[in-house]
Each structure stands twice: as C-alpha cells, then as structure tokens.
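Data block below; observations after.
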Amino acid sequence: MSQPTLPKGTRDFGPQEVARRNYIFNTIRSVFELYGYQPIETPVMENLSTLTGKYGDEGDKLLFRILNSGDFLDETKKKFRGTTVEQLEAKDTASLLAEKGLRYDLTVPFARFVVMHRNDIVLPFKRYQIQPVFRADRPQKGRYREFFQCDADVVGSDSLWNETEFVQIYDTVFYRMNLQVIIRLNNRKVLNGLAQLIAAAEKATALTVAIDKLDKIGIQGVRQELIQGGFSESQIHTIERFFKLHGDNRTKVLQARELLQGISEGEKGCDELLEVLDKLSSAMPLHNKLEIDFTLARGLSYYTGCIYEVVADEGTLKSSIGGGGRYDDLTGIFGVKGLSGVGISFGADRIYDVIEETGKFPESALQGARVLAVNFGGEDETAAWQAVQQLRHNKISAELYPQAAKLAKQFKYADDKKIPYVLIIGEAERNAKSVTLKNMQTGDQEKTTLAHVIHLHNKY
RNA sequence: GUGAUUGUAGCUCAGUUGGUUAGAGCGCCAGAUUGUGGCUCUGGAGGUCGCGGGUUCGAGUCCCGUCUUUCACCCCA
C-alpha cells in the first residue's frame with residue numbers, strides 16, 4: 014500500500030478537534046495564570062543523559078531515542094573493528110548511536126531548566142508548561158505515544174500553601190469544564206511511615222506498588238501481591254488496618270496518625286495532610302470530592318511529600334487524568350541541592366476523551382467564520398467582497414465564497430462548515446442598497462442593511 | 001516488553017465448506033430545482049480486499065511473515 018500512514022500511537026487533529034483541545038488548554042492556562050504561574054517552554058528533545066535514570070528502569074525503556082546524525086555509523090564501525098562483544102558491552106555503546114531523546118514528561122526538563130537558569134529566575138519560581146511529551150508505550154485506551162501534559166510547579170518553597178492551592182487549581186479547572194472528578198490526596202511520608210511501622214523500610218516501594226492496586230485487584234489481590242513480596246501475615250494485618258480506615262478525611266488522618274505513633278516520618282506526613290485540610294477548610298468549599306486515600310502511591314519515585322491523583326467521576330475512563338506531588342531536592346540530580354518542588358499535571362488528551370464521551374464540549378468550542386458572503390460573480394462579487402471587508406474591519410469573521418458557483422453549492426458549503434449566517438448581495442440588493450441575511454439555523458432571511466448586520470453581530 | 005484482537009469503497013460494515021464481474025447503508029458528484037442548504041426522488045463515480053510470501057486448477061476466504069487497530073498486563077497522563 015502506498016498510502017501514507019502515521020507512526021503508531023500518534024494522531025492527526027482536524028479543525029474541530031484542535032478547537033476543542035484549545036478549549037481545554039485555554040481553560041487550564043487561564044486558571045494557572047489566575048494563580049500567578051508563568052509559562053515556559055523547553056525543547057521536545059533533551060540530551061539522553063538528562064533523561065535516563067530519572068524514571069526508573071521501566072521509564073528508561075519507554076524513552077524515544079534519536080539516532081545521531083551524520084556518517085557516525087561508518088565511523089563507529091571503524092572504531093570498533095576487532096573488538097569483541099564482551100568489550101562492546103562494557104562500553105557505553107548506546108551513546109554512540111543516540112545522544113538525544115524526546116522528553117518523557119515536563120518535570121525533569123523543568124528541573125534542568127531551573128538548574129541552568131538558577132541565576133535568572135526569582136524564587137519561589139512558579140511556572141506552567143503546556144507541551145507534548147513522548148513515550149514508547151503500547152497504545153491503548155487513554156494511552157498515546159504523543160500526548161500533551163499541562164504542568165504547573167513551584168520550586169523553592171516548602172510551604173504547604175502550595176499544596177493547598179494545587180487542590181484548588183484542580184477543583185477550579187474541572188469545575189470550569191463542568192466535569193465531576195475525584196481528587197485523591199496522600200503523603201509519601203505516611204507510606205514510608207507505614208513501612209517503618211512494620212519494620213520493612215527497605216520494602217517501601219514494593220509495599221506502595223502493591224497497595225496502589227487495591228481498587229483494581231481488590232483486597233485479596235493485594236494480599237497475594239504482598240505475600241509474594243515476602244510480607245508476613247502480621248505485617249499484612251497492619252497494612253490492612255490502614256486501608257480499612259474510614260470516616261471523613263480528617264478522621265482518617267487522625268486515625269492513621271494514631272497508628273503511626275512514634276514513627277516521626279509517618280506522624281509528619283499526617284500533620285502535613287491535616288494542615289492542607291485545615292487550610293482548605295478556611296477557603297470556599299470545593300466543587301469536587303477531595304479524598305484522603307492512603308492507598309494512593311503513584312509510580313514516580315521522586316515524590317517525597319503530598320501526592321495527588323485525579324480521576325473522572327463520570328464516563329468510563331478509569332485511569333488518572335491528572336497527578337502530581339511534592340519532591341524534595343528535585344534539582345539535586347542536576348547538582349543543585351536543597352531546592353524543593355511541588356507540582357501537578359493535567360493529562361489533556363485523557364481529559365479530551367472524557368469530555369468527548371460525556372458530551373460536555375461547549376458549542377463555543379467550535380470556531381470558524383460567522384458569515385459567508387455568496388458569490389454571484391461580476392459586479393456582485395466585488396460588492397460582496399467589499400461587504401466581507403467591512404465585516405472583518407468590525408471584527409466579525411467572514412469569508413467570501415471564492416468563485417461564482419451554483420447557489421446550492423455555496424449554501425451547502427455554509428451548512429457543512431456550520432457557518433451560521435449567509436450574506437446575499439445580488440443585483441436586486443445592490444439596486445436597493447441593501448443586503449439579504451439568512452440565518453442558516455432557522456432558515457429565516459431578511460432584507461436589511463450591512464450596517465445593521467454589523468450592529469447585530471457585534472453584540473456577541 | 002508479555003498475551004490477545006483487528007484490517008474489504010471516504011466512513012460504518014456484509015461477503016456461505018475456497019469457485020464467475022466483491023456488495024449494502026451513509027457520504028461524495030450530477031440532475032429533478034439557472035437567487036437558497038437540511039427533506040425527497042433519479043442517475044453516476046469510487047476497491048491492488050493492509051503489505052509481502054506460500055498452499056491450490058482457483059484465495060477477500062486457508063497457512064507463514066510483517067505493518068496497523070483495539071484491549072488487557074507492566075507502567076503511566
């Protein structure tokens with residue numbers, strides 16, 4: 014087949030899809046800016062050395078690597094002539110083939126940005142970033158190889174006001190999108206405290222990975238997973254007491270704090286959660302559900318404090334449409350110690366899928382000309398073109414049908430493109446110094462003046 | 001990366017145990033209607049059956065490979 018195709022997991026976007034995506038981006042952007050975040054952008058590609066080792070072994074496998082340019086292949090062949098496979102494996106041969114990669118998320122490039130521009134930025138630095146990221150994953154429902162993340166992070170502030178405001182940002186964005194979501198909140202210190210409580214600090218990761226699956230594989234599944242992970246019955250019993258805690262958010266945290274008594278890290282995690290809840294209680298009530306959820310773990314290993322996850326409370330997509338958290342020493346990996354960061358991310362493509370499925374895109378997400386002027390050719394054509402210019406001069410988006418085609422064809426064009434008004438200027442109208450305006454939705458049409466048309470449409 | 005699954009007209013899909021010239025609906029184009037879209041009627045165009053190989057007298061149909069789609073696992077937005 015000579016038909017062109019797209020790489021696996023990538024998509025084209027037509028005019029309507031772009032309009033709807035812009036609606037999502039604009040909603041998120043306006044809330045970010047409302048909270049004082051400023052935009053930055055970074056390149057789609059980073060040095061591989063910036064990216065590798067930041068996302069765990071699984072993450073490294075999902076990095077897209079960019080083949081080096083030039084005739085390096087021949088050079089490399091010469092360079093390694095006569096060397097054995099064992100010698101090759103001992104060297105960093107990969108970097109000879111690829112030294113650049115596509116970014117995997119926006120957080121690591123942001124950390125790199127902060128380090129490189131540390132003398133130019135004002136701390137605490139609040140930035141947002143809306144750009145595509147790339148993962149060499151197998152595509153499936155809600156999972157793409159190229160997708161947009163919308164991140165807001167603040168670096169250089171330990172204050173829990175940041176954590177508090179991120180809850181509000183999530184709440185506000187989804188409220189503006191008319192979407193019901195559940196904002197889940199936990200704290201890594203609580204999870205670490207739990208691991209210490211059962212004397213399994215070194216297995217903290219295995220522990221969190223297992224209990225993170227609770228809502229997916231159920232209590233029995235988690236038990237299985239924990240048993241396989243080498244946890245004892247009594248350890249598992251303690252773990253289960255944790256995720257069986259119930260009551261309102263405050264009660265749950267207080268109960269957890271009691272269970273973690275004497276484990277200072279765990280107590281601190283609970284105190285942080287309580288502080289965020291307190292701060293929120295003195296603000297306007299949230300529109301969406303906020304749930305303290307001790308089973309929330311999140312994969313990225315660099316989280317150290319509060320962690321967030323957002324799932325839609327409507328539609329069928331079960332995976333998260335947003336997530337984030339606090340990471341102490343984010344920039345440490347790039348040599349600048351002691352800078353703490355906290356941030357959140359919106360998964361724009363998954364949000365799109367949910368809004369699409371629930372039919373909640375507003376009509377205004379459509380865009381295009383409001384008025385089509387029909388083209389009769391000759392002097393009529395000139396008159397229509399002048400009218401179009403008048404409309405544009407008055408900020409009314411308008412277009413002239415580019416040739417004197419059959420009227421039915423021109424009307425069908427307006428119909429197909431959902432242009433709501435058609436302006437008709439023919440010989441009769443020119444003689445009467447008037448125009449005919451047809452409303453494509455109602456089918457009504459009236460003879461009027463161009464000035465009146467402009468007056469009418471400027472009201473919108 | 002593991003395990004399934006899909007591919008036939010622009011779109012959604014039929015296509016019998018392998019058997020003439022591969023069909024339908026929608027869409028598209030033209031006409032009925034030379035100043036009016038949606039509704040109706042009439043006619044028309046449009047296919048290397050994902051791609052490559054194999055079996056067979058004969059393959060859309062069976063076999064192998066490959067790409068692609070979708071889904072689950074892993075992991076994640």
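If you number the first sequence the way the working numbering does, the last residue is 473 and the count never jumps.
Beta carbons: idealized from backbone N, C-alpha and C, even for Gly.
Please read these numbers as outputs of a predicted model, since none were measured by experiment.
Query	Result
Selection from 234, 30, 407, 421 that minimises the alpha carbon distance to residue 469	407
The stretch 147-161 in contact with the stretch 119-133 per 3-pair CB rule at 8 Å	no
Inter-residue Cα distance where the pair is residue 337 and residue 198	10 Å
Reference residue 145, options 426, 38, 277, 124, closest by Cα	38
Residue of 287, 166, 154 minimising C-alpha distance to residue 142	166
Enclosing alpha helix (DSSP H) for residue 180 [first to last residue]	173-189
CA-to-CA distance, residue 172 to residue 403, given in whole angstroms	55 Å
Helix, strand or coil at residue 72 [DSSP, three-state]	helix
Exposed unless 16 or more other CB atoms sit within 10 angstroms - verdict on residue 184	buried
Exposed unless 16 or more other CB atoms sit within 10 angstroms - verdict on residue 409	buried
Between the CA atoms of residue 132 and residue 271 - distance to the nearest angstrom	44 Å
Simplified DSSP state of residue 123, which is helix, strand or coil	helix
Test item: CB-CB of residue 81 and residue 32 under 8 Å	no
Host alpha helix (DSSP H) of residue 36 (start-end)	28-47
Residues that DSSP places opposite residue 167 in a beta bridge	139, 355
Residue 318 - containing beta strand (DSSP E), residue span	Careful: residue 318 lies outside any beta strand (DSSP E) and carries neither H nor E.
Sub-8 Å separation of residue 448 and residue 466 beta-carbons	yes
Own chain residues within Cβ distance below 7 Å of residue 178, not counting five before or after	48
Uninterrupted beta strand (DSSP E) stretches inside the stretch 186-222 (no shorter than 3 residues)	194-200
Straight-line Cα distance separating residue 25 from residue 14	Residue confidence is low: residue 14 scores 38 on pLDDT, short of 50, so the model does not pin down where it sits. Its coordinate-derived value is still stated next. Roughly 20 Å separates the two Cα atoms.
Span of the beta strand (DSSP E), counted from its first residue to its last, around residue 436	434-437
Where the beta strand (DSSP E) containing residue 452 begins and where it ends	448-452
Whole-angstrom distance between residue 439 and residue 456, CA atom to CA atom	19 Å
Sequence-distant residues of the same chain with beta carbon closer than 7 Å to residue 23, five excluded per side	158, 159
Exposure of residue 243, with buried meaning 16 or more beta-carbon neighbours within 10 Å	exposed
Residues of its chain near residue 260, where Cβ-Cβ distance is below 8 Å and the 5 sequence neighbours each way are ignored	268
Validate contact between the stretch 422-434 and the stretch 339-356 using beta carbons, cut 8 Å, 3 pairs	no
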